[in-house]
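*Asks:* This is the structure I have questions about; it appears just below.
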Amino acid sequence: MDSILDIARWQFGITTVYHFFFVPLTIGLTLLVAVMETLWLRTRSPEWLRLTKFFGKLMLINFAIGVVTGIVQEFQFGMNWSDYSRFVGDVFGAPLAVEALLAFFLESTFLGLWIFGWDKLPRGLHAGCMWIVHVGTLASSWFILSANSWMQHPVGYKYNPDTGRAELTDFAAVMFNKVQLVTFPHVILAAYMTAAAFVLGVSAWLYVSKKHQADRAMYRMGIRLGAWVVLVAGLGVAVTGDFQGKVMTEVQPMKMAAAEALYDTEDSCAPFSIFTIGTPDGTSEKFAITVPCLLSFLATGSFDGKVEGINDLRAQYQEKYGQDPGARYYDPSGSYTPIIPVTYWTFRYMIGLGMAGAFFAALILFLTRKGRAPTSKWFGRMAVATPILVLLANSAGWIFTEMGRQPWVVFGLMTTAHGDSPGVSTTEAWISLVTLTLLYGGLAVIEVGLILRTIRTGADAYQEPPNPTLGGSDDEDRPLAFAY
Numbered sequence: 001m002d003s004i005l006d007i008a009r010w011q012f013g014i015t016t017v018y019h020f021f022f023v024p025l026t027i028g029l030t031l032l033v034a035v036m037e038t039l040w041l042r043t044r045s046p047e048w049l050r051l052t053k054f055f056g057k058l059m060l061i062n063f064a065i066g067v068v069t070g071i072v073q074e075f076q077f078g079m080n081w082s083d084y085s086r087f088v089g090d091v092f093g094a095p096l097a098v099e100a101l102l103a104f105f106l107e108s109t110f111l112g113l114w115i116f117g118w119d120k121l122p123r124g125l126h127a128g129c130m131w132i133v134h135v136g137t138l139a140s141s142w143f144i145l146s147a148n149s150w151m152q153h154p155v156g157y158k159y160n161p162d163t164g165r166a167e168l169t170d171f172a173a174v175m176f177n178k179v180q181l182v183t184f185p186h187v188i189l190a191a192y193m194t195a196a197a198f199v200l201g202v203s204a205w206l207y208v209s210k211k212h213q214a215d216r217a218m219y220r221m222g223i224r225l226g227a228w229v230v231l232v233a234g235l236g237v238a239v240t241g242d243f244q245g246k247v248m249t250e251v252q253p254m255k256m257a258a259a260e261a262l263y264d265t266e267d268s269c270a271p272f273s274i275f276t277i278g279t280p281d282g283t284s285e286k287f288a289i290t291v292p293c294l295l296s297f298l299a300t301g302s303f304d305g306k307v308e309g310i311n312d313l314r315a316q317y318q319e320k321y322g323q324d325p326g327a328r329y330y331d332p333s334g335s336y337t338p339i340i341p342v343t344y345w346t347f348r349y350m351i352g353l354g355m356a357g358a359f360f361a362a363l364i365l366f367l368t369r370k371g372r373a374p375t376s377k378w379f380g381r382m383a384v385a386t387p388i389l390v391l392l393a394n395s396a397g398w399i400f401t402e403m404g405r406q407p408w409v410v411f412g413l414m415t416t417a418h419g420d421s422p423g424v425s426t427t428e429a430w431i432s433l434v435t436l437t438l439l440y441g442g443l444a445v446i447e448v449g450l451i452l453r454t455i456r457t458g459a460d461a462y463q464e465p466p467n468p469t470l471g472g473s474d475d476e477d478r479p480l481a482f483a484y
């Protein structure tokens, strides 16, 4: 890497993928912890309360590291991507401001009430706090994804040639972008799937552990809950992914062509590629194993649908955008195509790893049916592998989404080559890349260490929490929480 652009892209890629490890886990765990506490309120089963507090502790560790790593993302817009920030600032300002003022306020405020309110809030109100935290994570996801969806399919704006900026004209159009409407449910369901796989894997590891044999019945409850949610959410991910693919073909046909390494336009019955080998320069196909007509159905909903190929789309983009090297939409390479091996394989890793995780969850449900209690090592290993597979599928999907848009940072409006910071030197870019990579590596060690230590300890022994709605002398004798 000898250019500022390459260094800046690597830095943003490393920090974004790292941060996204925590995002789906946090979103999903807030839901599952809320469900566990609600089940405790309904059944008064001590096991559900212990699981609530146990996975709540793991959720808090993940939440804290996720917040720290997320803050860095916004700083990078000013560090390495000032021209991009200047161009999109008027559009991005609204959703990101609302996300910080509304969504993060809900998350942080009610998470604090949940943490410190066990002996101060009525039990139903306390459980409601975690549900509100989950609603906050959904709202936060909506506003952030609306900004990202605008990069994929810009709407609700006008370009001001005097300022060189895109200016917001229709906030509702940005919020309800057609890309946003299919991306949001797909991402949220994938988050549920990830967190459920985490609950499944942790519960199964403790279930087969000799140290925690006395609590096997409780951890079996966690295994079953996690496995069911993985399957249901996985089905939702598949359905929403199908809708997302059709919208992607409509607004970003090059991304779909690159995902399939489809070089030549198929007027009907386009095949789905299982395995393809292309030329090193990415201009043609040398060998492929395909399923006839499946790509047409996935892209258009019809087995006879037309799917445009890379070569034809490249020619169209060169004619439309390639005339002016000084314009914000000019691609210096002149190809207007993403890195095809990256998009091709991340698309398959996303699908394949996600399906493998869902298959393992289904198999675990079968093995634990009707009170069965498998304790073999391979059962535990399969369960532990499930969250790893799903988490990697999530990351592959995010890489595909962002890399498949290249060379555009805002599709059709600005290429990535025109979005970096002109005042940053190569030395400064290298320093920030190395510093943040080392910092994130240190945070990874802390995160994994804290999570593993908490998991090895297992759930705390059952202790009936006080119920402030009961009143009486116990409340009168309780020490003051605050006094002056």
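So in the numbering used here the end of the sequence shown lands on 484, straight run, no missing numbers. Built from N, CA and C at the ideal position, the CB exists for glycine as well.
Would you call the CB atoms of M350 and I364 closer than 8 Å?
*Replies:* Within the sequence shown, numbered from 1, the residue matching residue 350 stands at position 350. Within the sequence shown, numbered from 1, the residue matching residue 364 stands at position 364. Going by C-beta atoms, M350 is not nearer than 8 Å to I364.
*Asks:* Determine the extent of the beta strand (DSSP E) in which V409 is found, giving its start and end residues.
*Replies:* Along the sequence shown, read from residue 1 onward, the residue named residue 409 stands at position 409. Unbroken beta strand (DSSP E) run through V409: W408 to V410.
*Asks:* If you count every other CB in all the chains shown that lies within 10 Å of the CB of A361, and 16 or more means buried, which is it?
*Replies:* Translated into the one-based positions of the sequence shown, residue 361 becomes position 361. Buried, by the Cβ-count rule.
*Asks:* Counting Cβ pairs closer than 8 Å, one from the stretch 306-317 and one from the stretch 262-270, do we hit at least three?
*Replies:* yes
*Asks:* DSSP three-state call for V424: helix, strand or coil?
*Replies:* Stepping through the sequence shown from its first residue, residue 424 is reached at position 424. Of the three classes helix, strand and coil, the one that applies to V424 here is coil, per DSSP.
*Asks:* Name the two residues that bound the continuous beta strand (DSSP E) containing E167.
*Replies:* Here the question's residue 167 lines up with position 167 in the sequence shown. Here the beta strand (DSSP E) through E167 covers R165 to L168.
*Asks:* Looking at C-alpha atoms only, which residue of V251, F303 and M254 is the closest neighbour of A270?
*Replies:* Within the sequence shown, residue 270 is the residue found at index 270, counting from 1. Nearest option by C-alpha distance: F303.
*Asks:* Can you give me the start and stop residues for the alpha helix (DSSP H) that N148 sits inside?
*Replies:* Sequence index remark: in the sequence shown, residue 148 carries index 148 (1-based). Run containing N148: R123 to Q152, per the alpha helix (DSSP H) assignment.
*Asks:* Quick check: the stretch 55-70 against the stretch 450-465, are at least 3 beta-carbon pairs closer than 8 Å?
*Replies:* yes
*Asks:* Counting along the chain, where does the beta strand (DSSP E) carrying K246 start and finish?
*Replies:* Within the sequence shown, numbered from 1, the residue matching residue 246 stands at position 246. Taken as a continuous stretch (DSSP letters only), K246 belongs to no beta strand (DSSP E), being part of the alpha helix (DSSP H) at R216 to V251.
*Asks:* Can you check DSSP and say which residues form a bridge with E37?
*Replies:* Within the sequence shown, numbered from 1, the residue matching residue 37 stands at position 37. Beta bridge pairing from DSSP links E37 with no other residue.
*Asks:* Where does the unbroken beta strand (DSSP E) through K158 begin, and where does it stop?
*Replies:* Here residue 158 refers to the residue found at position 158 when the sequence shown is read from its first residue. Y157 to N160 is the span of the beta strand (DSSP E), which, as asked, contains K158.
*Asks:* Sorted by chain position, which residues of the same chain lie with C-beta nearer than 8 Å to Y336's C-beta, five sequence neighbours on each side aside?
*Replies:* Locating residue 336 in the sequence shown gives position 336, where the first residue counts as 1. These residues qualify, in order along the chain: M254, L313, R314, Y317, Q318, Y321, G322 and P407.
*Asks:* Which word fits N62, buried or exposed, when buried means at least 16 other C-beta atoms lie within 10 angstroms of its C-beta?
*Replies:* Numbered from 1 along the sequence shown, position 62 holds the residue referred to as residue 62. Flag for N62 reads buried.
*Asks:* Using the rule of at least 16 other Cβ atoms within 10 Å of the residue's Cβ for burial, across every protein chain shown, is I537 buried or exposed?
*Replies:* Given that the chain is displayed from residue 1 to residue 484, the structure contains no residue 537 and the question cannot be resolved.
*Asks:* Counting along the chain, where does the alpha helix (DSSP H) carrying H186 start and finish?
*Replies:* Residue mapping note: residue 186 aligns to position 186 of the sequence shown, counting from 1. Its alpha helix (DSSP H) spans residues K178 to V208.
*Asks:* Between which two residues does the alpha helix (DSSP H) harbouring N311 extend?
*Replies:* Looking up residue 311 in the sequence shown gives position 311. Its alpha helix (DSSP H) spans residues I310 to Y321.
*Asks:* Tell me the DSSP secondary structure of Y484 in three-state form.
*Replies:* Residue 484 sits at position 484 when you count from the first residue of the sequence shown. Any reading at Y484 must be qualified, since the residue scores a pLDDT of 43, below 50, and its modelled position is unreliable; no value is offered.
*Asks:* Cβ atoms of M79 and S432: under 8 Å apart, would you say?
*Replies:* By one-based count along the sequence shown, residue 432 stands at place 432. By one-based count along the sequence shown, residue 79 stands at place 79. Their beta carbons are under 8 Å apart, which means S432 touches M79 by this criterion.
*Asks:* Per DSSP, what kind of secondary structure is S82 in: helix, strand or coil?
*Replies:* Within the sequence shown, numbered from 1, the residue matching residue 82 stands at position 82. Residue state, collapsed to three classes: helix.
*Asks:* Residue range of the alpha helix (DSSP H) that V390 falls in?
*Replies:* Taking the sequence shown and counting its residues from 1, one reaches residue 390 at position 390. Its alpha helix (DSSP H) spans residues K377 to M403.
*Asks:* Whose CA, out of W81, I65, V68 and V33, lies closest to the CA of A429?
*Replies:* Residue mapping note: residue 429 aligns to position 429 of the sequence shown, counting from 1. Nearest C-alpha to A429: W81.
*Asks:* Should L189 and A261 be called a contact, given that it needs their Cβ atoms to be closer than 8 Å?
*Replies:* Indexing the sequence shown from 1 puts residue 189 at position 189. Indexing the sequence shown from 1 puts residue 261 at position 261. Taking 8 Å as the cut-off, the Cβ atoms of L189 and A261 do not count as close.
*Asks:* Do you know how far the Cα of W40 is from the Cα of P466?
*Replies:* Counting from 1 along the sequence shown, the entry for residue 466 is found at position 466. Counting from 1 along the sequence shown, the entry for residue 40 is found at position 40. Their backbone Cα atoms lie some 14 Å apart in a straight line.
*Asks:* E107 bridges to which residues according to DSSP?
*Replies:* One-based indexing of the sequence shown puts residue 107 at position 107. DSSP output for E107 lists no bridge partner at all.
*Asks:* Beta-carbon within less than 7 Å of T73's beta-carbon, same chain only, minus the 5 sequence neighbours each way: which residues are those?
*Replies:* Indexing the sequence shown from 1 puts residue 73 at position 73. Note on identity: in this sequence residue 73 is Gln, with Thr being the wrong assignment. Taken in chain order, the residues that qualify are T15, T16 and H19.
*Asks:* Please report how far the alpha carbon of R44 lies from the alpha carbon of I4, in whole angstroms.
*Replies:* Counting from 1 along the sequence shown, the entry for residue 44 is found at position 44. Counting from 1 along the sequence shown, the entry for residue 4 is found at position 4. The alpha-carbon separation between R44 and I4 amounts to approximately 59 Å.
*Asks:* To which residues does DSSP link E266 through a beta bridge?
*Replies:* Here residue 266 is taken as the residue at index 266 of the sequence shown, counted from 1. Per DSSP, V307.
*Asks:* Could you compute how far the alpha carbon of L113 sits from the alpha carbon of E250?
*Replies:* Here the question's residue 113 lines up with position 113 in the sequence shown. Here the question's residue 250 lines up with position 250 in the sequence shown. Computed Cα separation, rounded: 45 Å.
*Asks:* Provide the residue(s) that pair with M355 in DSSP beta bridges, ordered along the chain.
*Replies:* On the sequence shown, position 355 is the one that residue 355 refers to. Looking at the DSSP assignment, M355 forms no beta bridge with any residue, so it has no partner.
*Asks:* Taking C-beta to C-beta, are I132 and L106 nearer than 8 Å?
*Replies:* Residue mapping note: residue 132 aligns to position 132 of the sequence shown, counting from 1. Residue mapping note: residue 106 aligns to position 106 of the sequence shown, counting from 1. In contact: I132 and L106 (Cβ atoms closer than 8 Å).
*Asks:* Sorted by chain position, which residues of the same chain lie with C-beta nearer than 8 Å to P338's C-beta, five sequence neighbours on each side aside?
*Replies:* Here residue 338 refers to the residue found at position 338 when the sequence shown is read from its first residue. Hits under 8 Å: M254, K255, A258, M403, G404, R405, Q406 and P407.
*Asks:* Does the beta-carbon of A8 have 16 or more other beta-carbons within 10 angstroms, so that it is buried, or is it exposed?
*Replies:* In the sequence shown, residue 8 corresponds to position 8, counting from 1. Buried, since its Cβ has 16 or more Cβ neighbours within 10 Å.
*Asks:* Short of 7 Å in beta carbon distance, which residues of its chain neighbour A356, apart from the five on each side in sequence? Order them along the chain.
*Replies:* Position 356 of the sequence shown, counting from 1, holds the residue named residue 356. Same-chain partners within the cutoff: L389.
*Asks:* State the start and end residues of the unbroken alpha helix (DSSP H) segment that holds S333.
*Replies:* Counted from its first residue, the sequence shown places residue 333 at position 333. Element bounds for S333: n/a, residue is neither H nor E.
*Asks:* Which residues in the same chain have their Cβ closer than 6 Å to the Cβ of F482, if we skip the five residues on either side of it in sequence?
*Replies:* Position 482 of the sequence shown, counting from 1, holds the residue named residue 482. With a pLDDT of 44 at F482, under the threshold of 50, the modelled position of this residue cannot be trusted; read the value that follows with caution. For F482, there are no CB contacts under 6 Å within the same chain when 5 residues up- and downstream are skipped.
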